[in-house]
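Trainee: Take this structure first; my questions come after.
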Amino acid sequence: MTLASMTGFARTQGISGAWSWVWELKSVNGKGLDVRLRLPGGWDGVETGLKQSAARVLSRGNVNANLALTREDPEVSVRVNEQVLRTIAQSVRRVAEELGAPPVQLESLIGLKGVLEISEAQEGEAARAALEAAVVAGFAQALTELAAMRAQEGAALGLVLIERLDGIAALTAAAEANPSRRPEAIRAKLADQLRVLMDTGASFDSDRLHQEALLMASKVDVREELDRLVTHVAAARAMLAEGGAIGRRLDFLAQEFNRETNTLCSKANDVSLTAIGLELKGLVEQFREQVQNIE
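What follows is the structure, encoded as structure tokens:
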């Protein structure tokens, strides 16, 4: 399965009878799948089916879909409502005679409301059904193109994420090989810290000293954090190889990366190991930011 981004754009258009239609689909990041349709009046009946079609193709993202319809050269019929015109003319003539005003010309009455009836020819059921079928098919085509664009961007994101994982793996290995993690370095560090405790003048029995030594040793031991980082890198690589809608799982893994890196920094017993931890934090943050775009 391919890796997909949540951002993309698609545009399709066509003609059905006297109508031309245009679909524009825009997709951005989202926690789930949210499809918002902007349809002309009288097209609410197709909304549910269109959203179901989108759900079969896309898993996540905020999708805005806009349908524009234009009727080419509509057939227009014009009819004079003679009954209304006669009634108005008689009333106007009577008032004019009473006031001694000049008679009103017929053409001045034509523009009055209700005299002229202008209507567009109504399309038949077959033409409407053909238009709906064409619009629905156009939406499906736009979905296919949108998914293709998201897959193309997802492939590029996958390469970026692999590069970040390579960097995290390399820094984890560098932390593993850091001289401050050697047993002799850890023993020297513990000896220094115990010497500081003894210099305080406080009395410690052997059991207390043993407990303090164990506590100090646990504070500088990053074995567990390094092992988890190695495991997380392997898990992330497996997810990227699997593909599909893995964005949420990768986001959770990015949080785990961050947690282990923070602990590594807090336990570091040497500036060189701290420097590696800070560099790791930068790469993990870059990884997390890119993961937000994955479906």
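If you read the sequence shown in my numbering, its first letter stands for residue 5, the second for the next number, and so on. C-beta atoms are modelled at their ideal positions from N, C-alpha and C, and glycine is treated no differently. A quick note: this is a predicted structure, and the numbers were derived from the prediction, not measured.
#1: Looking only at its chain, what residues have a beta carbon closer than 8 angstroms to the beta carbon of Val164, apart from the 5 residues adjacent to it on each side?
#2: Do Gly34 and Trp25 have their beta-carbon atoms positioned less than 8 angstroms apart in this structure?
#3: Got a sec? Which residues, its chain only, sit under 7 angstroms from Arg253 by beta carbon, not counting five neighbours each side?
#4: Output yes or no for whether 8 angstroms exceeds the beta carbon distance between Val288 and Phe261.
#5: Per the DSSP calculation, Glu76 is bridged to which residue(s)?
#6: What first and last residue would you give for the beta strand (DSSP E) that runs through Lys30?
#7: For the putative contact between Val96 and Ala69, defined by C-beta atoms under 8 angstroms, what is the C-beta separation to the nearest angstrom?
#8: Can you tell me whether Ala242 sits near the ligand SAH, meaning its C-beta is under 7 angstroms from at least one heavy atom of the ligand?
#9: When DSSP labels each residue in this structure, what does Ala14 get in the three-state scheme?
#10: Three or more C-beta pairs under 8 angstroms: does that hold for the region 39-52 against the region 161-175?
#11: Specify the secondary structure class of Ser20 as computed by DSSP and reduced to three states.
#12: According to DSSP, is Glu299 part of a helix, a strand, or is it coil?
#13: Under a three-way DSSP split, which group does Val88 fall into?
#14: Which partner residues does Leu306 have in the DSSP bridge list?
#15: Hey, how far is the Cα of Leu62 from the Cα of Ala151?
#16: Does DSSP put Val82 in a helix, in a strand, or in coil?
#17: Going by other Cβ atoms of all chains shown within 10 Å of its Cβ, with 16 needed for buried, is Phe291 buried or exposed?
Mentor: Taking the definition as stated:
#1: Locating residue 164 in the sequence shown gives position 160, where the first residue counts as 1. If we look at Val164 and ignore the five residues flanking it on each side, its Cβ neighbours are Gln294.
#2: If you number the sequence shown from 1, residue 25 lands on position 21. If you number the sequence shown from 1, residue 34 lands on position 30. No, the Cβ-Cβ distance between Trp25 and Gly34 is not below 8 angstroms.
#3: Taking the first residue of the sequence shown as position 1, residue 253 is located at position 249. Close CB contacts of Arg253 within its chain, under the 7 angstroms cut and outside five residues either way in sequence, are with Met243 (chain order).
#4: Within the sequence shown, residue 288 is the residue found at index 284, counting from 1. Within the sequence shown, residue 261 is the residue found at index 257, counting from 1. Between Val288 and Phe261, the C-beta gap is smaller than 8 angstroms, which places the two residues in contact.
#5: Within the sequence shown, residue 76 is the residue found at index 72, counting from 1. Per DSSP, none; premise fails for Glu76.
#6: Translated into positions along the sequence shown, residue 30 becomes position 26. Bounds of the beta strand (DSSP E) holding Lys30 are 23-32.
#7: For the purposes of this step, residue 96 is identified with residue 92 of the sequence shown, where counting begins at 1. For the purposes of this step, residue 69 is identified with residue 65 of the sequence shown, where counting begins at 1. About 53 angstroms separates the beta carbons of Val96 and Ala69, which is beyond the 8 angstroms limit, so they are not a contact pair.
#8: This structure lacks the ligand SAH, and indeed carries no ligand of any kind.
#9: Taking the first residue of the sequence shown as 1, we reach residue 14 at position 10. Here Ala14 sits in strand by DSSP.
#10: With a cut-off of 8 angstroms, the region 161-175 and the region 39-52 do not count as touching, because too few Cβ pairs lie within range.
#11: Against the sequence shown, residue 20 aligns to sequence position 16. In the displayed model, Ser20 falls within a strand according to three-state DSSP.
#12: The count along the sequence shown starts at 1 and reaches residue 299 at position 295. DSSP places Glu299 outside both helix and strand once states are collapsed to three, so it counts as coil.
#13: Here residue 88 refers to the residue found at position 84 when the sequence shown is read from its first residue. In the structure shown, Val88 sits in a helix (DSSP, three-state: H, G or I).
#14: Within the shown structure, residues of the chain are numbered from 5 to 299, placing residue 306 beyond reach of any answer.
#15: Your numbering for residue 62 matches position 58 in the sequence shown. Your numbering for residue 151 matches position 147 in the sequence shown. C-alpha of Leu62 to C-alpha of Ala151: approximately 7 angstroms in a straight line.
#16: Indexing the sequence shown from 1 puts residue 82 at position 78. The answer is strand: DSSP assigns Val82 an E or B state.
#17: For the purposes of this step, residue 291 is taken as the residue at position 287 of the sequence shown. That one is buried.
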